[in-house]
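Asker: Protein chains in written order, with full-length UniProt numbering: chain A, 1 to 198; chain B, 1 to 198.
There are 2 protein chains.
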Amino acid sequence: MGKVYAGASTSIDGYISGPDQSGFDQLFRWHTTGDVEVPAPTGAHTFKLTPGSAAYLSAYIEGAGALVVGRKLYDHTNGWGGQHPLGVHTVVLTHRPLENTEHFSFVSGGIEEAVAVAQKHAADKTVGLNGGEIARQAIDAGLVDEIWLDLVPVVLGGGTPFFAPGKRFALEGPLSVIEGVGVTHLRYKVNYGASEAE
Amino acid sequence: MGKVYAGASTSIDGYISGPDQSGFDQLFRWHTTGDVEVPAPTGAHTFKLTPGSAAYLSAYIEGAGALVVGRKLYDHTNGWGGQHPLGVHTVVLTHRPLENTEHFSFVSGGIEEAVAVAQKHAADKTVGLNGGEIARQAIDAGLVDEIWLDLVPVVLGGGTPFFAPGKRFALEGPLSVIEGVGVTHLRYKVNYGASEAE
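#1: Pull out every residue of the region 118–133 of chain B whose Cβ sits closer than 9 Å to any Cβ of chain A, in chain order.
#2: What residues in the region 171–191 of chain A bring their beta carbon closer than 7 Å to a beta carbon of chain B?
#3: Taking three-plus beta-carbon pairs below 8 Å as touching, is the region 2–10 of chain B in contact with the region 69–81 of chain A?
#4: Please name the residue in A:E133, A:S11, A:P51 and A:H31 whose C-alpha comes closest to that of A:A164.
#5: Residue ranges of each alpha helix (DSSP H) run of no fewer than 4 residues wholly in the region 57–129 of chain B, ordered along the chain?
#6: Does any residue of chain B bring its CB to less than 7 Å from the CB of A:Y5?
#7: Taking Cβ positions, are A:G109 and A:P19 nearer each other than 7 Å?
#8: Given this structure, state the Cα-to-Cα distance separating B:A122 from B:L151, to the nearest angstrom.
#9: Any idea if A:W148 is buried or exposed, counting beta-carbon neighbours within 10 angstroms, 16 or more meaning buried?
#10: For a contact meaning CB atoms closer than 9 Å, what does A:F47 contact in chain B?
#11: Is it right to say B:E198 is buried, meaning 16 or more other beta carbons lie within 10 angstroms of its own, or is it exposed?
#12: For a contact meaning CB atoms closer than 9 Å, what does B:I12 contact in chain A?
#13: Where DSSP assigns a beta bridge to A:Y192, which residues make up the other side?
#14: Determine the chain A residues that contact B:V91 at a beta-carbon separation under 9 Å, and present them in chain order.
#15: Using CA atoms only, rank isn't needed, just tell me which of A:V177, A:G173 and A:V190 is closest to A:D140.
#16: Beta strand (DSSP E) containing B:F169: first to last residue?
#17: Using three-state DSSP, classify A:E198 as helix, strand or coil.
#18: Consult DSSP for A:G7 and reduce its assignment to one of helix, strand or coil.
#19: Using a Cβ-Cβ cut-off of 7 Å, state whether B:V144 counts as contacting chain A.
#20: Measuring straight from C-alpha to C-alpha, what distance separates A:L186 and A:V177?
#21: Starting from the C-beta of B:G182, find all residues in its chain whose C-beta is less than 7 Å away, skip the five residues before and the five after it, and write them out in chain order.
#22: Rank A:P41, A:S17 and A:V155 by C-alpha distance to the C-alpha of A:V88 and give the top, closest one.
#23: Counting only beta-carbon separations shorter than 7 Å, does B:R168 have a partner in chain A?
#24: Let me know the secondary structure DSSP gives A:I12 once reduced to three states.
#25: Contact check, B:G180 vs B:T46 under 8 Å by CB: the rounded distance?
#26: On the criterion of 16 or more Cβ atoms from any shown chain inside 10 Å, does B:L98 qualify as buried, or is it exposed?
#27: May I ask you to report which of helix, strand or coil DSSP gives B:F24?
#28: Which residues in the same chain as A:E112 place their Cβ atom closer than 8 Å to its Cβ, once the five residues preceding and following it in sequence are excluded?
#29: Per DSSP, B:L151 forms a beta bridge with which residues?
#30: Using DSSP's beta-bridge definition, name the partner residues of B:S17.
#31: In the structure shown, what three-state DSSP assignment does A:P39 receive?
#32: Taking the beta carbon of B:P39 as the centre, do at least 16 other beta carbons fall within 10 Å, making it buried, or is it exposed?
#33: Identify the contact partners of B:V154 in chain A, using a Cβ-Cβ distance below 7 Å as the criterion.
#34: Anyone know if the C-beta pair for A:A59 and A:A118 falls short of 7 Å?
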């Protein structure tokens, strides 16, 4: 089975959004600051990236198998108009499941079930966990193989942290470091064993 | 004048120490996990580093001109037995100044004075701000040119954050990315102007 990763664009003080839902302009600026065009697989939009970030994102798109998202994100985007821009099957964890479609599954049995359903769709490709709350639940449940950080040079000073306060665990790596402009792409392996031993 | 930098080993969730002063073993593990010996300039101790970190730390030592530290750190280390291991003049910001010595100056006029005194000693070399509180005061006062992070693959989940909650500012870069093992050395330029403009 493919890897399960939790990924996010984070500030260097660890936030995925700033106070009062601010900071997205800065956190996602790297999506639009380069000259290399990388279209989202569905054609919904086109990233404009520096060469390093373009290589990184292209490999990411190539490897993507399925996503797990929360209901809030699904509703906020109106179900991305019918399909996630990444073009992969998307599992929505929700207490109020809708009817499954070609591109979406709705799961109410908890994060384990959501990840299991996503893994079936992903086969040997990766399962991505989108949204801080989904990532936290999966990390807590021991389901995450890797953490993928797009580390952005801004200090937000507050907001929503990517990692849940009160949870401590070790990582290994970085497995890879890719330099962008206004972003550094870092991948780490989650080491649940080391975490328990300490 | 040389650059003023604030630097720290931080967890990827942004802490310089974990809950109840824990986490130092993990945050400073990279000081002892390699085969390349880099002695501290005073000979007080020897780092054992991977090649990447050794090159990074050697350049850091070579460029170091002076330090600013807080009184708590000075007292905690008993004045490093007479001289900071980095072998540079060290300015101690304190409400209870001691008599100046060859290796230490005691300053009670605030962070601006402390940095100014350190810059005189450093000439065209760097002034380093050691300790979270000193770094925060200097960042707030607009005195810091660069942020140097030794980013360590551990999630501490709480403790003392490197950056003061409630403060938001932009950075530029990274200016450099050096891969170690169990650490990534990142340098950023502080962009106070951009911070104010947003």
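Even for Gly, the Cβ is constructed at its ideal location relative to N, Cα and C.
Note that this is a predicted model, so its numbers are computed, not measured.
Answerer: Once the coordinates are examined:
#1: none
#2: L171, E172, G173, P174, V177, E179, T184, L186 and Y188
#3: no
#4: Working through the first sequence from its first residue, we reach residue 164 of chain A at position 164. Nearest C-alpha to A:A164: A:E133.
#5: 71–76 and 111–122
#6: In the first sequence, the residue the question calls residue 5 of chain A occupies position 5. For A:Y5, the answer is no, since every Cβ of chain B falls outside 7 Å of its Cβ.
#7: As a working mapping, residue 109 of chain A is identified with position 109 in the first sequence. As a working mapping, residue 19 of chain A is identified with position 19 in the first sequence. Going by C-beta atoms, A:G109 is not nearer than 7 Å to A:P19.
#8: On the second sequence, residue 122 of chain B is found 122 positions in, with the first residue counted as 1. On the second sequence, residue 151 of chain B is found 151 positions in, with the first residue counted as 1. When rounded, the separation of the alpha-carbon atoms in B:A122 and B:L151 is 26 Å.
#9: Translated into the one-based positions of the first sequence, residue 148 of chain A becomes position 148. Its Cβ being crowded by 16 or more others within 10 Å, A:W148 is buried.
#10: Walking along the first sequence from the start, residue 47 of chain A turns up at place 47. Correct list: empty, because the minimum Cβ distance to chain B is about 20 Å.
#11: The residue labelled residue 198 of chain B in the question sits at position 198 within the second sequence. Confidence at B:E198 is low in this model, with a pLDDT of 43, below 50, so its placement is unreliable and the value that follows should be read with caution. Exposed: under 16 other Cβ atoms inside 10 Å.
#12: Locating residue 12 of chain B in the second sequence gives position 12, counting from the first residue. Neighbours of B:I12 on chain A, chain order: T10, G14, I147, L149, L151, F162, F163, L171, L186 and Y188.
#13: Position 192 of the first sequence, counted from the start, is the residue given in the question as residue 192 of chain A. According to DSSP, which records beta bridges pairwise, A:Y192 is partnered with nothing at all.
#14: By one-based count along the second sequence, residue 91 of chain B stands at place 91. The contacting residues do not exist; B:V91 stays about 25 Å from chain A at best.
#15: As a first step, residue 140 of chain A must be located in the first sequence, where it is residue number 140. Distances from the alpha-carbon of A:D140 to those of A:V177, A:G173 and A:V190 put A:V190 closest.
#16: Residue mapping note: residue 169 of chain B aligns to position 169 of the second sequence, counting from 1. It spans F169 to E179 - the beta strand (DSSP E) in which B:F169 sits, taken as one unbroken run.
#17: Position 198 of the first sequence, counted from the first residue, corresponds to residue 198 of chain A. Any answer about A:E198 is weak, because its pLDDT of 43 lies below 50 and its placement is not dependable; what the coordinates show is given next. Here A:E198 sits in coil by DSSP.
#18: For this step, residue 7 of chain A is matched to residue 7 along the first sequence. The answer is strand: DSSP assigns A:G7 an E or B state.
#19: The residue given as residue 144 of chain B occupies position 144 in the second sequence. By this cut-off, B:V144 is not an interface position.
#20: For the purposes of this step, residue 186 of chain A is taken as residue 186 along the first sequence, with counting starting at 1. For the purposes of this step, residue 177 of chain A is taken as residue 177 along the first sequence, with counting starting at 1. So the two alpha carbons sit approximately 5 Å from each other.
#21: Here the question's residue 182 of chain B lines up with position 182 in the second sequence. These residues qualify, in order along the chain: R29, W30, T33, V152 and P153.
#22: Counted from its first residue, the first sequence places residue 88 of chain A at position 88. Looking from the CA of A:V88, the closest CA among A:P41, A:S17 and A:V155 belongs to A:P41.
#23: Translated into the one-based positions of the second sequence, residue 168 of chain B becomes position 168. Interface residue, yes.
#24: Locating residue 12 of chain A in the first sequence gives position 12, where the first residue counts as 1. The answer is coil: DSSP assigns A:I12 none of H, G, I, E or B.
#25: In the second sequence, counting from the first residue as 1, residue 180 of chain B sits at position 180. In the second sequence, counting from the first residue as 1, residue 46 of chain B sits at position 46. Not really, about 17 Å apart at Cβ, beyond 8 Å.
#26: Taking the second sequence and counting its residues from 1, the one referred to as residue 98 of chain B is at position 98. Exposed is the call here.
#27: One-based indexing of the second sequence puts residue 24 of chain B at position 24. Helix.
#28: As a first step, residue 112 of chain A must be located in the first sequence, where it is residue number 112. Around A:E112: A141 and L143.
#29: Taking the first residue of the second sequence as position 1, residue 151 of chain B is located at position 151. According to DSSP, B:L151 bridges with B:T10 and B:T184.
#30: On the second sequence, residue 17 of chain B is found 17 positions in, with the first residue counted as 1. DSSP lists B:T160 as partners of B:S17.
#31: As a first step, residue 39 of chain A is located in the first sequence; it is residue number 39 there, counting from the start. A:P39 falls in the strand class under three-state DSSP.
#32: Locating residue 39 of chain B in the second sequence gives position 39, counting from the first residue. Exposed, because fewer than 16 other Cβ atoms sit within 10 Å of the Cβ of B:P39.
#33: For the purposes of this step, residue 154 of chain B is identified with residue 154 of the second sequence, where counting begins at 1. Residues of chain A passing the Cβ test: A170 and L171.
#34: On the first sequence, residue 59 of chain A is found 59 positions in, with the first residue counted as 1. On the first sequence, residue 118 of chain A is found 118 positions in, with the first residue counted as 1. No, the Cβ-Cβ distance between A:A59 and A:A118 is not below 7 Å.
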